Every structure is written in structure tokens, then in C-alpha cells.
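J.:
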Ligand code: B12
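Numbering (the working numbering), first residue to last: 12 to 238.
1. Is residue 17 helix, strand or coil when you go by DSSP?
2. By Cβ distance below 8 Å, which residues in the same chain neighbour residue 20 in space, the five residues on each side in sequence not counted?
3. Let me check understanding here. Comparing Cα to Cα, which of 27, 138, 147, 200 lies closest to residue 111?
4. Residue 152 to residue 206, Cα distance in whole Å?
5. Going straight from the alpha carbon of residue 212 to that of residue 159, what length do you get?
6. Report the three-state DSSP secondary structure of residue 1 (helix, strand or coil).
7. If we ignore side chains and look at the alpha-carbon of each, how far apart do residue 194 and residue 38 end up?
8. Mind checking whether the beta-carbon of residue 68 lies closer than 6 Å to any heavy atom of the ligand B12?
9. Can you tell me where the alpha helix (DSSP H) holding residue 128 begins and where it ends?
10. Just checking residue 225 against the ligand B12 - is the residue's beta carbon closer than 6 Å to any of the ligand's heavy atoms?
Next up, the structure:
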């Protein structure tokens with residue numbers, strides 16, 4: 012069995028210690044971090060997801076696999092996240108109220124940091140107040156919400172409605188994502204941006220920040236405050 016297949020198998024078995032060892036070994040052998048992530052860790056997690064759907068495995072097995080997955084992601088982090096990217100902006104990132112899925116969020120965090128964002132991760136099961144208090148506290152530019160359950164998608168809308176109630180809707184760019192979310196839902200709840208994966212999330216966030224900066228500068232010079 013190849014090292015990559017071994018990683019995928021050990022994710023499915025939830026063997027965090029083995030994952031630590033195998034991912035380190037794969038890196039030492041010069042295997043691309045992106046390949047370890049996509050073909051090893053993610054392939055294993057998604058294969059287990061299929062077994063979960065077919066009732067061949069249950070929540071406890073998936074939970075231990077998720078822990079092993081997050082161990083692997085943490086090991087890959089310093090190889091995937093460039094340290095020297097210039098600062099682009101601040102993001103508050105969390106999985107919404109009622110939802111415990113955090114693997115996709117972990118990947119989104121890594122990719123945002125790799126293009127120069129400072130990310131404050133508020134964890135999972137995060138309610139509207141936690142998102143908004145944190146955004147205000149750290150002077151965020153973007154609020155990023157993740158949901159993996161159809162039943163927790165309405166929690167995303169709660170955050171947007173709470174922003175309106177606080178009169179701060181226009182202060183932040185709102186991005187949403189996660190497997191059941193789509194562009195139509197984003198439009199429906201008036202989120203600004205939806206993308207389907209962590210890489211496109213980081214690209215779209217960066218583009219949105221550059222546009223926001225551009226608009227801000229034009230607006231300020233129209234008022235004569237900035238030359
Ligand atoms: C792991 C897992 C769990 C673990 C989570 C542990 C953890 N630490 O995350 C545990 C065991 C806790 C769990 C529990 C449950 N789960 Co679950 N789980 C999964 C599983 C197998 C994998 C999810 C995953 O990590 N995918 C891999 C990541 C990388 O993908 P991702 O999250 O989609 O993220 C990518 C993109 O979506 C995007 N993205 C993510 N977030 C964001 C945010 C932004 C802003 C942007 C732009 C993009 C973006 O970028 C990511 C990377 O590219 C899925 C099955 C599957 N195939 O997805 C089921 C699944 C999500 N679970 C499901 C269910 C039903 C449950 C339970 C209700 C089961 C139960 N009976 O108790 C509970 C709910 C618990 C709760 N309150 O949250 C269903 C959801 C069905 C639905 N449509 O609602 C699924 C689809 C399984 C199934 N087929 O039935 N689960």
C-alpha cells in the first residue's frame with residue numbers, strides 16, 4: 012500500500028497517532044502537501060462520509076476520524092500557509108449555531124491565511140452575537156460562516172438579520188459556504204459571496220478586499236479627505 016493510501020485508510024480508522032506519523036513521513040519523503048491533503052486526508056474523510064450515509068459507520072467513528080483529520084491538517088498547515096504574504100485584511104470565521112462540523116472551516120482558515128488574511132476562528136456552534144461581537148472587537152473586514160447541515164443554514168441568516176438590527180450590515184463583507192450551501196441561498200439571505208471550496212473562498216475574499224479598498228479610496232478622495 013502506498014503512503015498516501017495508508018493515510019486515507021488511517022483517517023477512516025480514526026488513528027490520529029498513525030496520521031501524525033504517516034503525514035510527517037510523507038512530508039519527509041518530499042510528497043507535495045497538497046497531494047497529501049487531497050489524495051490522502053480528504054479522500055479518506057469522504058470515503059468515510061459515504062459509509063456514514065449508508066449507515067455502515069456511525070457518529071462515534073466519524074468523530075474519531077475527524078480528530079485524526081484535524082491532526083493531519085494541523086501538520087500540513089505550515090507547509091500550505093505562506094508566512095510572508097502581505098496583510099490584506101481581517102476575517103472572523105466560524106461554523107454557525109447548532110453545527111459542529113469544523114474540518115471545512117479549518118481548511119478555509121488555512122487558505123485565507125495563505126493569501127494574507129489574519130483569521131480569528133471562533134470555533135463551531137457559534138451564535139450571531141459571538142460572530143458580531145468578535146467582528147466589532149477585532150475590526151474585521153469579512154465575516155465567514157460555514158454550515159454543513161441543511162438544518163443549520165438558517166443560522167447564517169440569523170447572523171445577517173442581527174447585523175441589520177445592530178445597524179452594522181454594511182460594515183462587513185459576508186461570505187458563506189459549506190456543502191449544502193449554494194449561490195441561490197446566498198442571494199436569498201443577502202450574503203455577499205458564496206464559493207464552493209476553500210481555495211476559491213480565499214481568492215474571492217482577496218478580490219473583495221481589493222475592491223473594498225478601491226471604493227473606499229475613491230469615496231474618501233471625493234470628500235477631499237485623502238489626496
Ligand atoms: C465529519 C462529519 C461529521 C462529524 C463532524 C466532526 C468535525 N469535527 O467536523 C460529526 C461526527 C460530529 C458529525 C455529526 C453529524 N453529522 Co456529519 N458529517 C461529517 C462528514 C462525514 C464529513 C464532513 C466534512 O468534514 N467534509 C470535508 C470538508 C473538507 O468539506 P466541507 O466541510 O464541505 O468544506 C469544504 C467546502 O464546503 C467549503 N467551505 C466550508 N465552509 C466554508 C465557509 C465559507 C465561507 C466558504 C466560502 C466555503 C466553505 O470549503 C471546504 C474545503 O474546500 C459529512 C459527509 C460529507 N460527505 O461531507 C457528514 C454530514 C455533513 N453529516 C450529516 C449529519 C446528518 C450529521 C448528524 C446530524 C448525524 C447525527 N445523526 O447525529 C450530526 C450533526 C451534529 C451537529 N450538530 O453538527 C449529513 C448532513 C445532511 C444534511 N444535508 O444536512 C452529512 C452530509 C452525512 C450524510 N450524507 O448524511 N458529522
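Glycine included, each C-beta is placed from N, C-alpha and C at the ideal position.
Computed from a prediction, not measured in an experiment: that's the story for all the values here.
T.: The structure says:
1. In this structure, residue 17 counts as helix in the three-state DSSP scheme.
2. 12, 55
3. 138
4. 17 Å
5. 16 Å
6. As displayed, the chain neither begins before 12 nor continues past 238, which places residue 1 out of reach and without an answer.
7. 36 Å
8. No; taking the cut-off as 6 Å, the Cβ of residue 68 has no heavy atom of the ligand B12 nearer than that.
9. From DSSP, residue 128 is part of no alpha helix (DSSP H) but of the beta strand (DSSP E) over 128-132.
10. no
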